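Asks: Residue numbering for the sequence shown follows UniProt numbering, starting at 1 and increasing by one per position. One structure, pasted below without further comment.
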Amino acid sequence: MPELSLSEILELDRRHVWHPYGPMPGQREPLVVESASGVRLKLADGSGELVDGMSSWWSAIHGYNHPVLNEAAREQLARMSHVMFGGLTHEPAVRLAKLLVDMSPEGLEHVFLADSGSVSVEVAIKMCLQYWRSLGRPEKRRLLTWRGGYHGDTWHPMSVCDPEGGMHDLWAGALPRQVFADAPPAGYEEAYAGHLREMVERHAGELAAVIVEPVVQGAGGMRFHSPAYLRVLREVCDAHDVLLVFDEIATGFGRTGALFAAEHAAVAPDVMCVGKALTGGYMTMAATLCTERVAEGISRGEVPVLAHGPTFMGNPLAAAVACASIELLLGQDWAAEVKRIEAGLRDGLAEAAGLPGVRDVRVLGAIGVVQLDHEVDMAAATRAAVAEGVWLRPFRDLIYTMPPYVTADDDVARIARAVCAAARVG
Ligand SMILES: *Cc1c(COP(=O)(O)O)cnc(C)c1O
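Right, here's the structure in full:
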């Protein structure tokens, strides 16, 4: 039995616990989750279950309390839950690295196991800056990205988030100043491709890398863009000695209909970040992959090592579950499941397009987005979704969903109904 009553949990939570992007003390009352199984979250207030339309922020692709992932965790727990990674290694981490190298775009050969998505982006940036330093070009230390992106909440990732959504005004003068191109349009436009080429050319002398989320910009605005822009970036980066980083933390592991979004463009980056769904949503782990060229460049430097080593690097428990999650994914026709959810979302969200206050409805892979023409009333939209038996977490002008791949057709339909209900009142 839990030691705290429901009212004690809520009161202590409000008084002591920070929530994401939250004030202190808390102002909105969160829902208390007692347990989760399949695609359902069981609430502690006895009101029943909610179908999870968020996959716990892109991560729980196989649903909750999955017998295969549970067994992987249990087996590893009985061996060891953690040992340091300095001077020691172990089978789960090595097996995971091999799986990632084998499944990721061509040329990515080396794996740094980080402890969260933001840290994997920090490591990616460190790799790129150190590469140019090692080659005697320390002036190449800025990053170029496009507006509307999101790369995490630690310091350097924050500097490449969308300047408005990322609260750059708050940090003016404190954050490193990066180079921003315009946000990518949805369809391919030659003028925008020219803008990207021009920006990279103009700043090449000071750029270590271009960093972008391929095909889908997530928390920066849930925008989709033509994969052809990734080819433009690859060409112009190659032509002007700039590294290319793809942040696949949200898009990786099948979410967009390709195993990695880069595959839509048949382009491989020099450095790639993965996270979120890496462990099937069981615990925190991320990874930064790089090419032979990047690793070899770093190794040629005055300091020939990558100076990064989190305490919980390569955590065996997380690595064992990540291996099980990847094997579970690759062992099924995941692409068919994502297509099935895509079709269900297209069907179910079609009616949202006709609602007053709705600016755009878009679906790609297992991602559905309704964009309003105004800031969403988060409390009202959340209430409307919960009344339909669905958990959603709207933000800014967006009501969106990325369900677990195991979500059955009737639950996909229910999620779509909840998105529409939220859009009506939000
Ligand atoms: C979530 C996210 C991150 C940050 O990952 P955390 O695990 O929250 O630190 C970075 N980049 C992208 C694209 C993300 O979606």
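Built from N, CA and C at the ideal position, the CB exists for glycine as well. Computed from a prediction, not measured in an experiment: that's the story for all the values here.
1) In angstroms with no decimal places, state the Cα-to-Cα distance between proline 30 and leucine 10.
2) Quick one: give me the first and last residue of the alpha helix (DSSP H) that serine 35 is part of.
3) How is threonine 279 classed by DSSP in three states: helix, strand or coil?
4) Are there any heavy atoms of ligand 1 lying less than 8 Å away from the beta-carbon of threonine 279, as far as the coordinates show?
5) Using 8 Å as the cut-off, classify the Cβ of histidine 110 as near or not near the heavy atoms of ligand 3, replying yes or no.
6) Less than 9 Å between the beta carbons of leucine 50 and valine 386, yes or no?
7) Roughly how many whole angstroms lie between the Cα atoms of alanine 114 and glutamate 139?
8) In three-state DSSP terms, what is glutamine 76?
9) Under 8 Å from any heavy atom of ligand 1, does the C-beta of histidine 151 make it?
10) What residues match up with glycine 87 in a beta bridge as DSSP calls it?
11) What are the partner residues of residue 428, as DSSP defines its beta bridges?
12) Below 8 Å on the Cβ atoms is my contact criterion, and I expect leucine 6 with valine 32 to pass it. Report the Cβ-Cβ distance as a whole number of Å.
13) Classify alanine 266: buried if its beta carbon has 16 or more other beta carbons within 10 angstroms, exposed otherwise.
14) Exposed or buried, what is glutamate 106 when buried is set at 16 or more other beta-carbons lying within 10 Å of its beta-carbon?
15) For a test of the three-state rule: what should DSSP assign to histidine 240, helix, strand or coil?
16) Using the C-alpha atoms, what's the distance from histidine 240 back to alanine 307?
17) Could you tell me if histidine 19 is buried or exposed, where buried requires 16 or more neighbouring beta carbons within 10 angstroms of its beta carbon?
18) If you follow the beta strand (DSSP E) that valine 274 is in, where does it begin and where does it stop?
19) Within 10 angstroms of the Cβ of proline 23, are there 16 or more other Cβ atoms? Answer buried if so, exposed if not.
20) Just mark arginine 359 as buried or exposed, buried being the case when its beta carbon has 16 or more other beta carbons within 10 Å.
21) Counting Cβ pairs closer than 8 Å, one from the segment 323 to 337 and one from the segment 217 to 233, do we hit at least three?
22) Compute every distance between the C-beta of proline 157 and the non-hydrogen atoms of ligand 1, then say whether any falls below 8 Å.
23) Measure the alpha-carbon distance for serine 35 versus valine 303 and round it to whole angstroms.
24) DSSP puts phenylalanine 260 in a beta bridge; with which residues?
25) How big is the Cα-Cα spacing for alanine 191 and cysteine 237?
Replies: In brief:
1) 8 Å
2) Where serine 35 is concerned, there is no enclosing alpha helix (DSSP H), although the beta strand (DSSP E) it sits in stretches over 33 to 37.
3) helix
4) no
5) Questions concerning ligand 3 fall outside what the structure shown contains, since the ligands it does hold are ligand 1.
6) yes
7) 27 Å
8) helix
9) yes
10) Answer is none; glycine 87 lacks a bridge partner.
11) Nothing can be reported for residue 428: it is not among the residues displayed for the chain, which extend from 1 to 426.
12) 6 Å
13) exposed
14) exposed
15) coil
16) 27 Å
17) exposed
18) 271 to 274
19) exposed
20) exposed
21) no
22) yes
23) 48 Å
24) None; phenylalanine 260 has no bridge partner.
25) 18 Å
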